[in-house]
DNA sequence: CCATCTTTGTGCACACGTTCACAAACGCAT
DNA sequence: ATGCGTTTGTGAACGTGTGCACAAAGATGG
Ligand SMILES: NC(=O)c1ccc[n+]([C@@H]2O[C@H](COP(=O)([O-])OP(=O)(O)OC[C@H]3O[C@@H](n4cnc5c(N)ncnc54)[C@H](O)[C@@H]3O)[C@@H](O)[C@H]2O)c1
Ligand SMILES: NC(=O)c1ccc[n+]([C@@H]2O[C@H](COP(=O)([O-])OP(=O)(O)OC[C@H]3O[C@@H](n4cnc5c(N)ncnc54)[C@H](O)[C@@H]3O)[C@@H](O)[C@H]2O)c1
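Chains as they are written, first to last, in the working numbering: chain E, 198 to 474; chain U, 198 to 474.
Structure follows, in structure tokens:
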């Protein structure tokens with residue numbers, strides 16, 4: 198089942214993944230226009246509203262079909278419908294949220310959640326002290342009920358907001374129950390069988406990416422290359438690098454210092470790691 | 198300032214953006230190994246732990262330098278240090294969170310936040326009934342204090358968790374105060390001056406992408422192409438498409454029905470849009 | 001019906017990202 | 001030392017994504 202030609206996940210029905218990821222953005226902008234009763238919009242205007250370049254937007258739409266009119270633009274209502282249909286938003290998607298702690302509560306209360314076809318079918322938790330309480334008007338049910346809920350309500354999307362340690366186990370259980378799409382908020386790499394999609398939302402990763410660029414900005418104008426940060430050894434070819442590597446391993450693991458003969462190595466300005474976790 | 202050769206954002210110091218985005222993933226896996234006192238790890242093992250393919254991991258690391266030892270693998274502690282340094286995590290990054298509602302509270306309480314060099318410098322809100330309360334042991338301060346806090350604590354990263362309507366305004370104010378990196382949770386396209394980085398976390402978009410693939414899975418085995426879903430007109434070339442477009446515009450905007458002459462158009466199985474927002 | 005103006009849809013070139021596959025480097029045993 | 005098994009680091013091929021630039025389509029006005 199589900200033979201894919203060669204790549205890992207070839208584009209489905211010709212719509213590139215990058216385009217799919219932008220469709221919700223366009224849809225949001227179009228919905229805003231629709232609410233203002235704007236009848237048509239040009240690719241230039243819509244692109245500006247969605248924060249992309251207009252050529253990209255036109256190419257994205259071209260994968261859906263030719264829905265524009267040259268010299269005029271796109272019909273807002275019609276595009277809203279076409280994109281909604283393409284994304285599968287003309288139907289209702291029941292979701293379960295597992296792990297009703299800080300984040301689970303926030304998600305349960307999130308209005309924008311239900312606004313576009315996603316309906317919270319159930320809130321689930323393993324902790325008996327949490328089960329029975331309610332969030333956003335919905336009761337928190339016990340994990341034991343998961344299978345019955347997924348089956349009876351035809352839930353195919355699950356959201357995981359448990360601590361990282363429980364995420365894989367919860368994921369397995371969701372998949373076993375029949376869920377085939379998972380949105381994971383726990384900082385864990387989930388392993389799933391073929392045919393199940395996982396997407397993650399990871400605050401920590403986003404912040405670290407920002408920090409990387411931030412650091413870059415800071416160390417830009419000053420004299421190039423802050424000194425002492427990188428050993429010259431590491432870019433050097435030949436046996437010098439090998440000696441440096443040996444040094445590192447010995448220092449890092451703090452054992453077998455005996456057979457380090459320092460060979461040609463002199464400069465040792467490296468800090469021995471063990472950084473703040 | 199900040200001249201980039203030709204592209205929008207050429208790779209900084211040779212590290213591709215895609216690689217930067219994976220470094221936090223590697224770091225997380227390495228930290229776990231470090232806690233188990235594993236001294237060295239092969240690219241194959243580490244790649245499995247991080248959920249990527251080993252060739253990609255090796256190439257990623259090659260951008261940082263040659264930190265491995267052939268026949269052995271990578272020294273865990275040393276790599277943790279190198280990646281931390283590359284991401285700028287050897288220094289402390291104070292952040293402000295603006296908009297302490299459901300989500301802001303959850304973030305403030307999030308432990309994994311502070312664990313890697315990110316310190317919550319302040320919680321801010323505009324609502325007088327929220328200001329003065331406390332979340333996760335920190336007091337919620339009024340927006341008026343933003344500029345003073347950013348300056349005195351050298352905050353360069355801001356997190357926006359306000360309603361969408363306030364996001365751009367809050368963003369402008371953060372930038373004006375000196376913040377140069379923004380993590381946005383509001384479903385809004387933020388406009389910022391050059392030199393400011395914005396990353397977004399958008400639950401709604403993630404769910405919609407999942408729905409797209411979910412729909413694909415559902416409509417896969419059944420006889421190809423669910424009928425009645427797409428008008429044959431829209432893939433047709435020539436004047437037929439034009440007539441269809443005219444029909445759509447007229448139907449969508451509900452005006453100027455007079456000059457639709459139906460020309461060659463017969464089949465009109467399309468629903469006239471106006472979908473659930 | 002023609003001229004003119006606007007805006008789409010897309011071919012093309014290039015940049016970026018991924019994966020393969022293998023030589024070179026290294027540890028270790030003999 | 002030498003040989004053997006292991007694993008890195010990277011060149012090269014391939015796939016995906018982006019953006020330019022323009023012909024063709026359609027609107028509009030005379
Ligand atoms: N709070 C945030 O802002 C934030 C930000 C980023 C990531 N995260 C991640 O999101 C997850 C949840 O964060 P949180 O702050 O809400 O944590 P939390 O501890 O407040 O809530 C976790 C909930 O999961 C439940 N749970 C534990 N094991 C379970 C199991 N096996 N089955 C079902 N439920 C189980 C607990 O009873 C608890 O109610 C964590 O993985 C965290 O790292 C949180
Ligand atoms: N709650 C979620 O799970 C969730 C999920 C995805 C996205 N979001 C988005 O995150 C944002 C916050 O969601 P929430 O549920 O926490 O909303 P919320 O209404 O609970 O909280 C918003 C907070 O922002 C404050 N605020 C409003 N205007 C402000 C301004 N100009 N300056 C400073 N503070 C201001 C309000 O006083 C309030 O405390 C929203 O944009 C929402 O769409 C939330």
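No residue lacks a Cβ here, since even glycine has one placed at the ideal position from N, Cα and C. Note that the structure is a prediction, hence the values are computed from the model and not measured.
Under 8 Å by Cβ, that's how I've got residue i and residue j pegged, so tell me the actual separation to the nearest angstrom.
{"i": "residue 332 of chain E", "j": "residue 306 of chain E", "result": "7 Å"}
{"i": "residue 321 of chain U", "j": "residue 294 of chain U", "result": "7 Å"}
{"i": "residue 243 of chain E", "j": "residue 215 of chain E", "result": "About 17 Å separates the two Cβ atoms, so there is no contact after all."}
{"i": "residue 269 of chain U", "j": "residue 237 of chain U", "result": "6 Å"}
{"i": "residue 304 of chain U", "j": "residue 359 of chain U", "result": "Going by Cβ atoms, the distance from residue 304 of chain U to residue 359 of chain U rounds to 12 Å, so no, they are not a contact pair."}
{"i": "residue 330 of chain E", "j": "residue 274 of chain E", "result": "About 42 Å separates the two Cβ atoms, so there is no contact after all."}
{"i": "residue 352 of chain E", "j": "residue 376 of chain E", "result": "6 Å"}
{"i": "residue 387 of chain E", "j": "residue 366 of chain E", "result": "The Cβ separation is near 10 Å, so there is no contact."}
{"i": "residue 380 of chain E", "j": "residue 398 of chain E", "result": "7 Å"}
{"i": "residue 406 of chain U", "j": "residue 247 of chain E", "result": "Not quite, the Cβ-Cβ distance comes to about 15 Å (not below 8 Å), so this is no contact."}
{"i": "residue 374 of chain U", "j": "residue 343 of chain U", "result": "6 Å"}
{"i": "residue 356 of chain U", "j": "residue 292 of chain U", "result": "6 Å"}
{"i": "residue 408 of chain E", "j": "residue 290 of chain U", "result": "5 Å"}
{"i": "residue 262 of chain U", "j": "residue 271 of chain U", "result": "Not really, about 11 Å apart at Cβ, beyond 8 Å."}
Quick check on residue i: does DSSP put it in helix, strand or coil?
{"i": "residue 224 of chain E", "result": "helix"}
{"i": "residue 410 of chain U", "result": "helix"}
{"i": "residue 367 of chain U", "result": "helix"}
{"i": "residue 335 of chain U", "result": "strand"}
{"i": "residue 235 of chain E", "result": "coil"}
{"i": "residue 217 of chain E", "result": "helix"}
{"i": "residue 389 of chain E", "result": "coil"}
{"i": "residue 286 of chain E", "result": "coil"}
{"i": "residue 376 of chain E", "result": "coil"}
{"i": "residue 450 of chain E", "result": "Caution is warranted here: a pLDDT of 46 is assigned to residue 450 of chain E, below 50, making its placement in the model unreliable, and the coordinate value is therefore given only provisionally. Helix at residue 450 of chain E."}
{"i": "residue 212 of chain U", "result": "strand"}
Using the beta-carbon of each residue, which ones in chain E are nearer than 7 Å to residue i?
{"i": "residue 380 of chain U", "result": "403, 404, 407"}
{"i": "residue 238 of chain U", "result": "Ordered by position in chain E, no residue passes the 7 Å Cβ test against residue 238 of chain U, which lies about 11 Å from the chain."}
{"i": "residue 256 of chain U", "result": "The contacting residues do not exist; residue 256 of chain U stays about 17 Å from chain E at best."}
{"i": "residue 285 of chain U", "result": "408, 409, 411, 412"}
{"i": "residue 225 of chain U", "result": "384"}
Which residues in chain U have a C-beta closer than 7 Å to the C-beta of residue i? List them in chain order.
{"i": "residue 241 of chain E", "result": "None at all; the shortest Cβ gap to chain U is about 15 Å."}
{"i": "residue 396 of chain E", "result": "403, 406, 407"}
{"i": "residue 442 of chain E", "result": "266"}
{"i": "residue 291 of chain E", "result": "By Cβ distance, chain U contributes nothing, its closest Cβ being about 11 Å from residue 291 of chain E, past 7 Å."}
Which bits of chain U does residue i rub up against, with CB to CB less than 8 Å?
{"i": "residue 319 of chain E", "result": "Those do not exist, as residue 319 of chain E stays about 16 Å from chain U at its closest Cβ, beyond 8 Å."}
{"i": "residue 222 of chain E", "result": "386, 402"}
Report the neighbours of residue i on chain E: residues whose CB is nearer than 9 Å to its CB, in chain order.
{"i": "residue 248 of chain U", "result": "386, 387, 388"}
Using a cut-off of 8 Å between C-beta atoms, extract the partners of residue i located in chain E.
{"i": "residue 218 of chain U", "result": "402, 406"}
{"i": "residue 377 of chain U", "result": "411, 414"}
*Check distances from the C-beta atoms of the region 361-372 of chain E to those of chain U and list, in chain order, the residues that come in under 7 Å.*
Interface annotation for the region 361-372 of chain E against chain U: empty, criterion Cβ-Cβ distance under 7 Å.
*Scan the region 243-279 of chain U and note each continuous alpha helix (DSSP H) run of 4 residues or more that stays entirely inside, going in chain order.*
List check, alpha helix (DSSP H) in window: 251-261.
*For the region 338-363 of chain E, enumerate the residues whose C-beta is nearer than 7 Å to any C-beta of chain U, in chain order.*
Flagged, chain order: 353, 354.
*Which residue spans inside the region 292-368 of chain U form an unbroken alpha helix (DSSP H) run of at least 4?*
Within the region 292-368 of chain U, the runs of alpha helix (DSSP H) at least 4 residues long that lie entirely inside it are, in chain order, 299-306, 308-311, 343-350.
*What residues in the region 294-320 of chain U have a beta carbon less than 8 Å from any beta carbon of chain E?*
Within the region 294-320 of chain U, the residues whose Cβ lies closer than 8 Å to some Cβ of chain E are 299, 300, 302, 303, 304, 306, 307, 309, 310, 312, 313, 314, 315, listed in chain order.
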